[in-house]
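Quick note, the sequences are listed as chains V and Z, same order.
Under this note's numbering, think of the first position of the first sequence as 812, with each following residue one higher.
Under this note's numbering, think of the first position of the second sequence as 3, with each following residue one higher.
We put the CB at the ideal spot given by N, CA and C, even for glycine.
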Amino acid sequence: MSARRLIANWPRYARYTLSILLFFVIWQIIGASGKFFAITPPSEVLPEMWDEMIHGDLITVTLGTLSTAALGLLIAIAVGIPVGLLAGASRRANWVLDPLLNGAYAAPITIMLPVIGLYLGLGLKAKLFIVFLFCVFVIAISTASGVRSVPPAMREIGSAFGMPRSAIAWKIVLRGASPEIFTGLRLSVSRAVQGALLADLLLQADDLGLYLSSAGSSFEISKLLGGILLITVVAVVLMAIARGIETWLLRWKLGT
Amino acid sequence: MATEASVGTVPGETPGRSFGGGRRALGALWSWLTNTKAGVRLLAVLGLLIIWQLVAAWKGPTWTPTVQATASAMVEVFTEGYVTTLGESLKTMFAGFGITLLIGIPLGVLMGVSKIADDLLTPWTMALFSSPKEALLPLLIIMFGTEFNYQVSVVVLFSIFFVIINTAAGVQYADKELLETARAFKTPRLAFARKILLPAAAPFVVAGIRLGLGMAFKAMIIAELWISVGTGGLIDQIGSQRQLDLFYAMAVLLVALAIGIYMVLNWLENRLRHDVPANT
């Protein structure tokens, strides 16, 4: 993303900015009108949010939820990529894994919440497991499809030139699969945050989940809206960073 | 999806071996189980059921119900009226998803045909996609109470992104690829929209509906779990009362339903895609 491209695309970024500004103006008008009990204007929400960040524990709880997300995501990566490689490389493994992974991906994972305490308790282990399940299938599915997208001819060329099997695996198969793998990883970033927040809301109120639900149940609307606004912005920024990293890592591919 | 392989399906007469008839049949069965897609899958399913059963036998019914217990609880799900609760939840979900389609498809078409609309709406589709929408649950409760409106709003919030974005992609694809040809043949604009744009965009729209409906189903359960009503409330209740056989039966049913929805729409999408050139 060069400065030149940024300048060339200025009308687009101007429209993005305009759209966001417009949203805040409408929000201000609706909030200030006082017709809607559940909407306070940004002129109240933003100072409250700032105050909660500096003097309150909004940052601490947000980081708490995000670290659950990060840890669960790491476990999902450590499991998902090998499983995906296996499904992509072995036809027989894929016969079994393909319906299992796709089925699990389509399944509503949240139905486990009422009984997960029985197996893993209500603490960090259970939360990490939820995040893990939110991420692992999309990572494995995209890794497998990445491996399958590498043309067999590429592998054959590698062996024709006498590349050792390990080099073929690393330099041809893994590299060829990397665009799909990165897509899976990027998608799982937002899923990890969703899983962590869901666990913090529904499993046992904790971190940002506790912050939001207690603000909600005590009708501290500005505090609630501030929390929602912060996690939304953080999630969008995280996804933008993930996309940036992805583009940077795959510049060898995009350049051609 | 791997291609159906017929490698070494039936060994038949393997040279150098002299099994009896029964053994040969057994050998052929084993070969089928380990070398064909259907066989390997059957073996995997049997394996999973056996592991489930062993775990159940080892840890007892307070940890995992047996396969039979879950199966007989499944009968109970249908006879004791639990499916009625599920039906009610699904009705609410489809009401919400109807609103998603009513808002999402026009917005998607708008984003597909107008670059300005696309740019103006992109920050919001991005936010809808990336952000944890669960954060809004406490707010939606305050706004809509715990009734129908609340559930519908959660369903719309979770499912609308896929409908908008896929519709937009379909219209953009059709517009860009086919408009020039249509112009060259002087196709009237209305005929173009009806006969070319619509069929070309249809598989994309159905893909959006497939992904969106999947999210709607998940959203329905999340919304209900949060306030303990409907199907979410039911699994919350039987889960915390540790009626595990019933819980497992409900879980199997819900997962099967989610996969069923996915498969039907996937099939529909593939059928519609036949009319469209394969390369997008």
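Would you kindly report the start and end of the unbroken alpha helix (DSSP H) that includes residue i?
{"i": "I850 of chain V", "result": "Segment: none, I850 of chain V is in no alpha helix (DSSP H) and carries neither H nor E."}
{"i": "F283 of chain Z", "result": "Only positions 3 to 282 of chain Z appear in the structure, and residue 283 of chain Z is not among them; the question remains open."}
{"i": "P201 of chain Z", "result": "L200 to I229"}
{"i": "T36 of chain Z", "result": "G23 to N37"}
{"i": "P910 of chain V", "result": "R902 to A917"}
{"i": "L931 of chain V", "result": "L924 to L931"}
{"i": "P963 of chain V", "result": "P963 to A971"}
{"i": "L935 of chain V", "result": "L935 to S960"}
{"i": "D238 of chain Z", "result": "G232 to S242"}
{"i": "T1058 of chain V", "result": "I1032 to L1060"}
{"i": "S1001 of chain V", "result": "R986 to L1009"}
{"i": "S133 of chain Z", "result": "Looking at the DSSP string, S133 of chain Z is not in any alpha helix (DSSP H), and its letter there is neither H nor E."}
{"i": "G172 of chain Z", "result": "F150 to A186"}
{"i": "P67 of chain Z", "result": "That residue, P67 of chain Z, is in no alpha helix (DSSP H); it is neither H nor E in DSSP."}
{"i": "L246 of chain Z", "result": "L246 to R275"}
{"i": "R196 of chain Z", "result": "Here R196 of chain Z belongs to no alpha helix (DSSP H), and DSSP marks it neither H nor E."}
{"i": "I818 of chain V", "result": "A814 to A819"}
{"i": "G1020 of chain V", "result": "D1018 to S1028"}
{"i": "M145 of chain Z", "result": "L139 to F146"}
Interface residues of chain Z around residue i at Cβ under 8 angstroms?
{"i": "M1050 of chain V", "result": "M128, F131 and S132"}
{"i": "L874 of chain V", "result": "None at all; the shortest Cβ gap to chain Z is about 15 angstroms."}
{"i": "L1008 of chain V", "result": "P134, E136 and A137"}
Thinking C-alpha only, which one of the options is nearest residue i?
{"i": "E855 of chain V", "options": "V:L829, V:G1027, V:K1034 and V:K936", "result": "V:K1034"}
{"i": "I52 of chain Z", "options": "Z:T38, Z:T68 and Z:K39", "result": "Z:T68"}
{"i": "G89 of chain Z", "options": "Z:L255, Z:R273 and Z:I261", "result": "Z:L255"}
{"i": "Q243 of chain Z", "options": "V:S999, V:L929 and V:F943", "result": "V:L929"}
{"i": "F943 of chain V", "options": "V:A1051, V:E859, V:V1045 and V:I888", "result": "V:I888"}
{"i": "F146 of chain Z", "options": "Z:L56, Z:A225 and Z:M265", "result": "Z:A225"}
{"i": "L227 of chain Z", "options": "V:Q1015, V:K1064, V:E859 and V:L885", "result": "V:Q1015"}
{"i": "M265 of chain Z", "options": "Z:G216, Z:Q245 and Z:L248", "result": "Z:G216"}
{"i": "V156 of chain Z", "options": "Z:R273, Z:A171, Z:F219 and Z:W65", "result": "Z:F219"}
{"i": "M252 of chain Z", "options": "Z:V173, Z:M76 and Z:K178", "result": "Z:M76"}
{"i": "A260 of chain Z", "options": "Z:V111, Z:D177, Z:M95 and Z:N151", "result": "Z:M95"}
What's the call for residue i, buried or exposed, on a 16-neighbour Cβ count within 10 Å?
{"i": "L1036 of chain V", "result": "buried"}
{"i": "F848 of chain V", "result": "exposed"}
{"i": "D868 of chain V", "result": "exposed"}
{"i": "L1060 of chain V", "result": "exposed"}
{"i": "G18 of chain Z", "result": "Because G18 of chain Z carries a pLDDT of 47, less than 50, the predicted location of this residue cannot be relied on, and the following value inherits that uncertainty. Exposed."}
{"i": "V12 of chain Z", "result": "Its pLDDT being 44, under 50, V12 of chain Z is placed unreliably in this model, and the coordinates cannot settle the point."}
{"i": "T876 of chain V", "result": "buried"}
{"i": "V1044 of chain V", "result": "exposed"}
{"i": "T851 of chain V", "result": "buried"}
{"i": "Y326 of chain Z", "result": "The structure shown does not extend to residue 326 of chain Z, since chain Z spans only 3 to 282, so no value can be given for it."}
{"i": "A814 of chain V", "result": "exposed"}
{"i": "G262 of chain Z", "result": "exposed"}
{"i": "A40 of chain Z", "result": "exposed"}
{"i": "G241 of chain Z", "result": "buried"}
{"i": "S91 of chain Z", "result": "buried"}
{"i": "Y824 of chain V", "result": "exposed"}
{"i": "T81 of chain Z", "result": "exposed"}
{"i": "P822 of chain V", "result": "exposed"}
{"i": "F99 of chain Z", "result": "buried"}
Note down, in chain order, every chain V residue with its Cβ under 7 angstroms from the Cβ of residue i.
{"i": "V42 of chain Z", "result": "R903, W906 and V907"}
{"i": "Y264 of chain Z", "result": "A917"}
{"i": "G216 of chain Z", "result": "A917"}
{"i": "P67 of chain Z", "result": "Neighbours of P67 of chain Z on chain V: none; closest Cβ ~11 angstroms, over 7 angstroms."}
{"i": "A287 of chain Z", "result": "Nothing about residue 287 of chain Z can be reported from this structure: the residues present for chain Z run from 3 to 282 only."}
So which residues of chain Z does residue i contact, with C-beta pairs closer than 7 angstroms?
{"i": "L832 of chain V", "result": "Going along chain Z, no residue has its Cβ under 7 angstroms from L832 of chain V, so there is no contact; the nearest lies around 10 angstroms."}
{"i": "T921 of chain V", "result": "K220, I223, I224 and L227"}
{"i": "S1024 of chain V", "result": "P140"}
{"i": "V836 of chain V", "result": "Ordered by position in chain Z, no residue passes the 7 angstroms Cβ test against V836 of chain V, which lies about 14 angstroms from the chain."}
{"i": "A1046 of chain V", "result": "S132, S133 and P134"}
Strictly below 9 angstroms CB to CB, what residues from chain V border residue i?
{"i": "S242 of chain Z", "result": "P925, V926 and G928"}
{"i": "I237 of chain Z", "result": "I922, L924, P925 and V926"}
{"i": "K178 of chain Z", "result": "Those within 9 angstroms of K178 of chain Z in chain V number zero; the least Cβ separation is about 17 angstroms."}
Name, please, each residue of chain V whose Cβ falls closer than 8 angstroms to the Cβ of residue i.
{"i": "D121 of chain Z", "result": "P822, R823, R826, Y827 and S830"}
{"i": "I198 of chain Z", "result": "Simply none; closest approach about 28 angstroms."}
{"i": "F249 of chain Z", "result": "P925 and V926"}
{"i": "I118 of chain Z", "result": "R826"}
Can you pull the chain Z neighbours of residue i, defined as C-beta to C-beta under 9 angstroms?
{"i": "A819 of chain V", "result": "None at all; the shortest Cβ gap to chain Z is about 14 angstroms."}
{"i": "F1030 of chain V", "result": "I144"}
{"i": "V1004 of chain V", "result": "S132, S133 and P134"}
Task: Sufficient close CB pairs (3 or more, under 8 angstroms) joining the segment 1008-1019 of chain V to the segment 133-151 of chain Z - done: yes
Open item on the list: With three or more beta-carbon pairs closer than 8 angstroms as the criterion, would you say the segment 98-111 of chain Z touches the segment 199-211 of chain Z?
Closed with: yes
Open item on the list: With three or more C-beta pairs closer than 8 angstroms as the rule, is the segment 905-920 of chain V touching the segment 861-879 of chain V?
Closed with: The segment 861-879 of chain V vs the segment 905-920 of chain V: no contact.
Task: Given 8 angstroms, three or more beta-carbon pairs between the segment 221-239 of chain Z and the segment 174-186 of chain Z - done: Flag = no, the segment 221-239 of chain Z and the segment 174-186 of chain Z do not touch.
TODO: Pair every Cβ in the segment 258-271 of chain Z with every Cβ in the segment 949-957 of chain V, then say whether three or more of these pairs are closer than 8 angstroms.
DONE: no
Open item on the list: Within 8 angstroms, do at least three Cβ pairs link the segment 830-847 of chain V to the segment 118-126 of chain Z?
Closed with: yes
Open item on the list: If contact is defined by three or more beta carbon pairs under 8 angstroms, each pair taking one atom from either stretch, is the segment 1015-1026 of chain V in contact with the segment 888-898 of chain V?
Closed with: no
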